[in-house]
Amino acid sequence: MATRPPRLKRPHTYFHVTTQGTNRWNIFLDDNDRRRFMYLLIATCERYRIEVQAFCLMGNHVHLVLYCPEPVLSAAMRDLKSRYAKYFRRYHKSSGPLFEAPFLEVPILTDEHLMTEVRYTHRNPLDLDATVCLATCQWSSHGIYLGLRPEPSFMNTSVVRELFGPNYRLEVERPRPNDKVHNRVRPIIDVPKVTSPGEHNFSVGKDWSLAGIKREIANAANCELVDVRPRCHNGLLGLAVAIALDLGRFTPSEIAEPYGYSSAQAVQMAARRTRRRLEDHDDLRRVHHLVQQRHRRAA
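Numbering of the sequence shown is given in my numbering, commencing with residue 3 and proceeding in unit increments.
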């Protein structure tokens with residue numbers, strides 16, 4: 003058996019990454035799955051300081067064009083796939099490997115190559131339906147480049163926009179002789195209500211009640227709501243306390259009973275412990291940061 007060569011670990015490199023389901027099975031069964039994947043992609047990008055240049059979520063595979071300022075691609079993809087697979091197995095009550103391993107990567111070393119990979123990524127939905135209007139594909143970043151949805155924080159579109167110039171849409175959507183699908187450029191009629199994967203629905207919370215804060219923390223930590231409770235020793239309930247107090251909407255007395263504390267004093271002590279833990283606990287700090295971001299975007 004041939005040995006797979008080691009992955010390139012060259013800093014300041016763009017990559018086109020593709021990962022697909024085992025035996026080409028679907029890795030997304032509904033939009034909840036896609037929202038969860040995008041949420042985890044946001045968290046992964048923040049943790050590993052990766053910028054997304056383009057994305058497209060299909061039924062059984064994903065295309066990502068990424069800029070990695072550090073040699074962290076393998077670790078980042080391993081983390082992303084592992085966390086999503088854990089969610090998928092729990093949510094759909096399935097077992098066994100979800101993804102084929104390893105993921106596929108194509109290093110991008112020239113401007114022309116970057117344009118080619120972004121164009122390929124954004125044209126991918128045509129493989130399923132040659133009549134689709136690419137501009138309105140909800141789970142692709144193409145609409146973001148067209149200004150139909152705002153640019154989310156985990157993306158950087160400036161490089162690609164500059165390369166394509168003002169004719170971006172025609173350069174991507176108009177077929178070329180070597181294209182697999184010779185489509186027509188469809189008029190933009192029905193713009194998706196979802197403003198942007200990564201910025202709406204699953205990354206911007208609207209419910210900041212005490213129960214809503216616990217749900218936001220469970221989402222950010224990629225765990226079940228039942229894990230945000232007393233005596234769980236993971237710091238998540240304390241984090242909910244600290245965030246509830248920081249919002250300024252609840253007093254310690256109002257927080258105590260719903261969160262299972264005996265008194266307002268116990269709530270204040272939990273908040274102090276949590277703030278100390280945030281100083282040296284990376285995972286807890288990441289969850290805190292994600293929830294704060296979501297609240298700022300919802301404000």
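Even glycine gets a Cβ: it sits at the ideal position worked out from N, Cα and C. Keep in mind it's a predicted model, so treat the numbers as computed, not measured.
First through last residue of the beta strand (DSSP E) which encompasses Gln22: Position 20 of the sequence shown holds residue 22. Here the beta strand (DSSP E) through Gln22 covers Thr15 to Gln22.
Residue from Pro232, Asn25, Ala273 and Val183 with nearest C-alpha to Ala103: By 1-based counting over the sequence shown, the position of residue 103 is 101. The option with the nearest alpha carbon to Ala103 is Asn25.
Residues bridged to Cys225 [DSSP beta-bridge criterion]: Stepping through the sequence shown from its first residue, residue 225 is reached at position 223. Its beta-bridge partners do not exist; DSSP assigns none.
Integer Cβ distance of Thr21 from Lys88, believed to fall under 8 Å: Looking up residue 21 in the sequence shown gives position 19. Looking up residue 88 in the sequence shown gives position 86. Wrong, their Cβ atoms sit about 15 Å apart, outside the cutoff.
Contact the region 216 to 224 vs the region 288 to 299: 3+ CB pairs below 8 Å: Taking a cut-off of 8 Å on C-beta distances, the region 216 to 224 touches the region 288 to 299, as three or more cross pairs fall below it.
Test item: CB-CB of Leu100 and Phe90 under 8 Å: On the sequence shown, residue 100 is found 98 positions in, with the first residue counted as 1. On the sequence shown, residue 90 is found 88 positions in, with the first residue counted as 1. A contact, by the Cβ cut-off of 8 Å.
Inter-stretch contact at 8 Å, needing at least 3 Cβ pairs: the region 230 to 247 / the region 261 to 277: yes
Nearest-angstrom beta carbon gap, Glu175 and Leu136 [assumed within contact, 8 Å]: Counted from its first residue, the sequence shown places residue 136 at position 134. Counted from its first residue, the sequence shown places residue 175 at position 173. Yes, Leu136 and Glu175 are in contact; Cβ-Cβ is about 5 Å, under 8 Å.
One or two residues paired with Met157 in a DSSP bridge: Position 155 of the sequence shown, counted from the first residue, corresponds to residue 157. For Met157, which the question treats as bridged, DSSP gives the partners Val54.
Cα-Cα separation between Arg298 and Arg251, rounded to whole angstroms: Counting from 1 along the sequence shown, the entry for residue 298 is found at position 296. Counting from 1 along the sequence shown, the entry for residue 251 is found at position 249. Approximately 15 Å, taken between the alpha carbons.
Three-state secondary structure (DSSP) of Ile29: In the sequence shown, the residue the question calls residue 29 occupies position 27. DSSP places Ile29 in coil when its eight states are reduced to three.
Beta-carbon contacts of Pro189 that lie in its chain and below 8 Å, excluding the five residues immediately before and after: Your numbering for residue 189 matches position 187 in the sequence shown. Answer for Pro189: Cys135, listed in chain order.
CA-to-CA distance, Ile52 to Met2, given in whole angstroms: Absent from the structure is residue 2, since the part of the chain shown begins at 3 and ends at 301.
Runs of alpha helix (DSSP H) wholly within the region 120 to 151 (minimum 4 residues, chain order): 144 to 147
Inter-residue spacing [alpha-carbon to alpha-carbon] between Val74 and Glu256: As a position in the sequence shown, residue 74 is number 72, starting the count at 1. As a position in the sequence shown, residue 256 is number 254, starting the count at 1. Between Val74 and Glu256, the C-alpha separation is close to 44 Å.
Own chain, CB closer than 7 Å to Asp81, minus 5 neighbours either side, in chain order: On the sequence shown, residue 81 is found 79 positions in, with the first residue counted as 1. Closer than 7 Å at the Cβ level, and outside the excluded window around Asp81, lie Thr46.
DSSP bridge partner residues for Leu68 (one or two, in chain order): Counting from one through the sequence shown, the residue named residue 68 turns up at place 66. Leu68 is bridged to Phe17 and Val54.
Backbone CA spacing between Leu238 and Val228 [nearest angstrom]: One-based indexing of the sequence shown puts residue 238 at position 236. One-based indexing of the sequence shown puts residue 228 at position 226. When rounded, the distance between both Cα atoms is 11 Å.
Nearest-angstrom Cβ-Cβ length linking Ala56 and Ser155, presumed shorter than 8 Å: In the sequence shown, residue 56 corresponds to position 54, counting from 1. In the sequence shown, residue 155 corresponds to position 153, counting from 1. At roughly 16 Å, the Cβ-Cβ gap does not stay under 8 Å, so Ala56 and Ser155 are not in contact.
Cβ-based burial, Pro254 [other Cβ within 10 Å; buried from 16]: For this step, residue 254 is matched to residue 252 along the sequence shown. The residue in question, Pro254, is buried, as its Cβ has 16 or more Cβ neighbours within 10 Å.
Residue interval of the alpha helix (DSSP H) (run including Val230): Here residue 230 refers to the residue found at position 228 of the sequence shown. No alpha helix (DSSP H) holds Val230; DSSP gives it neither H nor E.
Of the listed residues Leu116, Phe166, Asn185 and Asp285, nearest to Leu1 (C-alpha basis): Residue 1 lies beyond the stretch modelled for the chain, which goes from 3 to 301, so this question has no answer here.
Beta-carbon gap between Gly262 and Arg217 smaller than 8 Å: Looking up residue 262 in the sequence shown gives position 260. Looking up residue 217 in the sequence shown gives position 215. Cβ distance not < 8 Å, so Gly262 and Arg217 don't count as in contact.
Closest residue to Tyr272 among Val293, Arg296, Gln294 and His235 (Cα-Cα distance): Taking the first residue of the sequence shown as position 1, residue 272 is located at position 270. Note that residue 272 corresponds to Ala in the displayed sequence, not to Tyr. It is His235 whose Cα lies nearest to the Cα of Ala272.
Thr123 classed as buried or exposed, judged by whether at least 16 other C-beta atoms fall within 10 angstroms: What you label residue 123 is simply residue 121 of the sequence shown in a count that begins at 1. Buried, by the Cβ-count rule.
Cα-Cα separation between Thr133 and Thr118, rounded to whole angstroms: Numbered from 1 along the sequence shown, position 131 holds the residue referred to as residue 133. Numbered from 1 along the sequence shown, position 116 holds the residue referred to as residue 118. Straight-line Cα distance between these residues: approximately 21 Å.
C-beta contact flag for Asn185 and Leu128 at 8 Å: In the sequence shown, residue 185 corresponds to position 183, counting from 1. In the sequence shown, residue 128 corresponds to position 126, counting from 1. For Asn185 and Leu128, yes; Cβs fall inside 8 Å.
Cβ-based neighbour list, Val108, same chain, cut-off 6 Å, excluding 5 preceding and 5 following: Counting from one through the sequence shown, the residue named residue 108 turns up at place 106. The answer, listed in chain order, is His18.
DSSP state of Glu107 mapped onto helix, strand, coil: As a first step, residue 107 is located in the sequence shown; it is residue number 105 there, counting from the start. Three-state result, Glu107: strand.
Cβ distance (whole Å) where Arg38 is taken to contact Trp141 below 8 Å: Taking the sequence shown and counting its residues from 1, one reaches residue 38 at position 36. Taking the sequence shown and counting its residues from 1, one reaches residue 141 at position 139. Going by Cβ atoms, the distance from Arg38 to Trp141 rounds to 12 Å, so no, they are not a contact pair.
Leu42 and Tyr69 closer than 8 Å at C-beta: Here residue 42 refers to the residue found at position 40 of the sequence shown. Here residue 69 refers to the residue found at position 67 of the sequence shown. No; because the gap between Cβ atoms is not below 8 Å, this pair is not in contact.
Identified DSSP bridge partners for Phe101: Working through the sequence shown from its first residue, we reach residue 101 at position 99. Phe101 is bridged to Gly23.
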